[in-house]
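As structure tokens, the structure follows; a few thoughts come after it.
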Amino acid sequence: MTDVYSFQPLMVRRPYRIEYIHSYGEVSQFFLGLKEQKLYASRCPRCGATWLPPRRDCGKCGAKCNWFEAPTEGKIHTYSVLHFAGEAFLNDLPFVLVYVEFPGIDTVFLSRLVGVKPEDIVIGMPVKARFKRLVEWNANDVYFVPA
Amino acid sequence: MRRVCVISGGITKFAKANPELTQEAMCKDAFDRALADAGLELKDIDSSICTYFSDHFNGQLLFDSLTQDYLGLCPKPSMRIEGGGATGGLGIRAGYMNVASGLSDVCLVYGFEKMSEVSTAKGNEFIALASDTDFDFPVGGFYSGYYATMAQRHMHEFGTTAEQFARIAVKNYDNAFYNPYAQKHERLTVQDVLNAPMIATPITRPMVCVMSDGAACVILASEEKAKQITRRLVYITGLGCGTDTMRLGDRPRGDVILLPGEEPEKYAYLKGRWPGVASFRGGREAARQAYLQAGITDPLHQIDFAEVHDAYASSELQTYEDMGFCKYGDGGKFVESGLPYLDGELPVNPSGGLIACGHPVGATGIMQGVFALWQLQETIQDHMKSDRLQVKDARRGLIHSHAGTGTYITVHILERGW
């Protein structure tokens, strides 16, 4: 039965749910690697660019990349303490987003930082990856803590 | 290519919720105002561009056909353009192509968004689906978070302060106070902004644009047609469009893209670290193209006002630098100098921008075109019942439309030809 929200103007509730059978495709190895407690990155054999998150095809020159294991320790490149979020993440608040820079990797990697008080976070702080034992097969299967 | 003019514009009052009207009726109201303003009739329009961002907000796909039909434009040619937050700016670019190419003489570019049918948290989730849903969305799920990390890095690299971001928000609220189309009419102090609830450090609630319901349109015409319609000609003299990687973390670090007239030595102090996550490469590229076409080599003095995409006060500050209003790193000093204020050398967001006008995504970039047109036609008084926001002797304006962390950015230069 239709749930009426208002009669003037007439407003009705219209729910919408969907389930996607989503494929990680050519970067599946990255997500499978999180279960092995590894960060798989990619390197372009032609121009030398390194990518984490990985890409099959180099975003700079277009050549096919090779997989390699990235270091799991790096430094905070930038961060933010979130006090509001999209609906899916409201229960996690507050949480900390960090971009982590790794030696030998050209990109910086978005993840969550835990185990540190917001006022103690500084750019340049050493951090290391931790991996969830009960994986959910998504990008949150890795997070970072102070090194 | 033919020269293209903006001949009229129309806009609805942006509001947190406008349940009284459907999207198509909001578009019709904006369209009727634009037709009336130019003394045109429906039959004078020979093509259209429709812009809206997300099918998710209302669960209606092909909304462009619903609106095209409702506006009475069938069976004339039309096309939907979508590019995140830059949807409206890209729409103006597409309209320009229609007219400049000769495919069309008079093209309506209209855009809308009705964001009130879902909660703010759900709306933020939909917007965040316009980030990489494999790697970024599952971790952050929130655009304010992404922009906050960029702001934090800018502060780290250049000594920018949260107070400087707050000043920008205050400026934009102050301007919007005199704009009857703006969603927000309130006065805040820098302390109010800094003390407001934190959204994502260092960004507080009043530094963020708001969800909104609204529609806006501009009518573009060939120079020949425009001369038959209005004496107050306004030309589009420069267009630029830049892009960047979907994931913020993938942005390169290298040399600055130079604007016309700049020398590489000017940015030696950046040591090849540009843009990283502190600046918007796509914005810089869009400005370069537009300035080259319009013959701008000294933007601070050759542009009389700018309407820029201030989804966040921090991104307005970063945009001062991308547009070459000041050097990279000097955005904070630029706002402190008073230059972007209404009575300054280069007023930025005299309308109040997205922060105070609201951000009904598909309408926003077109809203900038409407306000810029009125500035250059010197009709702010007629449309706003006050000339408080009229920039004196405005001859050349810049509008800047921007999508998620700078993935798409458009810049248009509008110039008075009367």
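Going line by line, the protein sequences match chains B and L.
The first sequence begins at 12 in the working numbering and counts up one residue at a time.
The second sequence begins at 101 in the working numbering and counts up one residue at a time.
We put the CB at the ideal spot given by N, CA and C, even for glycine.
Since the model is a prediction, treat every value here as computed from it, not as a measurement.
Identity of the residues DSSP links to residue i by a beta bridge
i, result
"residue 124 of chain B", "B:107, B:155"
"residue 6 of chain B", "Examination of residue 6 of chain B is not possible in this model, given that chain B is present from 12 through 158 alone."
"residue 139 of chain B", "B:84, B:156"
"residue 208 of chain L", "L:148, L:319"
"residue 329 of chain L", "Looking at the DSSP assignment, residue 329 of chain L forms no beta bridge with any residue, so it has no partner."
"residue 496 of chain L", "L:515"
"residue 105 of chain L", "L:321, L:335"
"residue 17 of chain B", "B:22"
"residue 375 of chain L", "L:353"
"residue 66 of chain L", "Past the boundaries of the shown model lies residue 66 of chain L; chain L is included only from 101 to 518, so the question cannot be answered."
Reduced DSSP category for residue i - H, G, I as helix; E, B as strand; rest coil
i, result
"residue 286 of chain L", "coil"
"residue 311 of chain L", "coil"
"residue 182 of chain L", "coil"
"residue 457 of chain L", "helix"
"residue 444 of chain L", "coil"
"residue 77 of chain B", "strand"
"residue 501 of chain L", "strand"
"residue 214 of chain L", "strand"
"residue 296 of chain L", "coil"
"residue 466 of chain L", "helix"
"residue 155 of chain L", "coil"
"residue 434 of chain L", "helix"
"residue 7 of chain B", "Chain B is shown only over 12 to 158; residue 7 of chain B falls outside these bounds and no answer can be derived."
"residue 368 of chain L", "helix"
"residue 54 of chain B", "strand"
"residue 169 of chain L", "helix"
Integer-rounded CB distance, given that residue j should sit under 8 Å from residue i
i, j, result
"residue 92 of chain B", "residue 111 of chain B", "Actually they do not touch by this definition, with Cβ atoms about 16 Å apart."
"residue 291 of chain L", "residue 436 of chain L", "Actually they do not touch by this definition, with Cβ atoms about 16 Å apart."
"residue 368 of chain L", "residue 211 of chain L", "With 8 Å as the limit, residue 368 of chain L and residue 211 of chain L do not qualify as a contact, their Cβ atoms being about 41 Å apart."
"residue 233 of chain L", "residue 343 of chain L", "About 19 Å separates the two Cβ atoms, so there is no contact after all."
"residue 111 of chain L", "residue 470 of chain L", "5 Å"
"residue 87 of chain B", "residue 138 of chain B", "6 Å"
"residue 129 of chain L", "residue 282 of chain L", "The Cβ separation is near 17 Å, so there is no contact."
"residue 512 of chain L", "residue 336 of chain L", "6 Å"
"residue 251 of chain L", "residue 302 of chain L", "6 Å"
"residue 86 of chain L", "residue 207 of chain L", "Residue 86 of chain L lies beyond the stretch modelled for chain L, which goes from 101 to 518, so this question has no answer here."
Closest Cα partner of residue i within the set the options
i, options, result
"residue 261 of chain L", "L:510, L:417, L:515, L:362", "L:417"
"residue 249 of chain L", "L:386, L:135, L:379", "L:379"
"residue 456 of chain L", "L:492, L:408, L:495", "L:408"
"residue 47 of chain B", "B:80, B:61, B:114, B:59", "B:80"
"residue 131 of chain B", "B:151, B:122, B:117, B:157", "B:157"
"residue 519 of chain L", "L:331, L:224, L:187", "Since the first residue of chain L shown is 101 and the last is 518, residue 519 of chain L is not available in this structure."
"residue 393 of chain L", "L:450, L:222, L:514, L:242", "L:514"
"residue 186 of chain L", "L:512, L:479, L:465, L:498", "L:465"
"residue 395 of chain L", "L:361, L:370, L:377, L:105", "L:361"
"residue 163 of chain L", "L:137, L:199, L:147, L:125", "L:125"
"residue 151 of chain L", "L:450, L:209, L:132", "L:209"
"residue 496 of chain L", "L:102, L:474, L:485", "L:474"
"residue 450 of chain L", "L:225, L:423, L:480", "L:480"
Chain-ordered neighbours of residue i on chain L, where CB pairs are closer than 7 Å
i, result
"residue 120 of chain B", "349"
"residue 126 of chain B", "Per Cβ cutoff of 7 Å: no residues; residue 126 of chain B is ~16 Å from chain L at best."
Interface residues of chain B facing residue i [CB-CB closer than 8 Å]
i, result
"residue 235 of chain L", "64, 121, 150"
"residue 345 of chain L", "70"
Chain L residues whose Cβ lies nearer than 8 Å to that of residue i
i, result
"residue 22 of chain B", "119"
"residue 134 of chain B", "252, 253, 256"
Contact set between residue i and chain L, taken where Cβ atoms lie within less than 9 Å
i, result
"residue 96 of chain B", "221, 224, 225, 228, 240, 241, 242, 244, 245, 300"
"residue 74 of chain B", "What residue 74 of chain B touches in chain L: nothing, since even the nearest Cβ is about 16 Å away."
Per-residue contacts from residue i into chain B (C-beta, under 9 Å)
i, result
"residue 361 of chain L", "Going along chain B, no residue has its Cβ under 9 Å from residue 361 of chain L, so there is no contact; the nearest lies around 29 Å."
"residue 340 of chain L", "Neighbours of residue 340 of chain L on chain B: none; closest Cβ ~22 Å, over 9 Å."
Neighbour list for residue i in chain B, Cβ cutoff strictly below 7 Å
i, result
"residue 248 of chain L", "91"
"residue 354 of chain L", "Here the premise fails: no neighbours, minimum Cβ distance about 11 Å."
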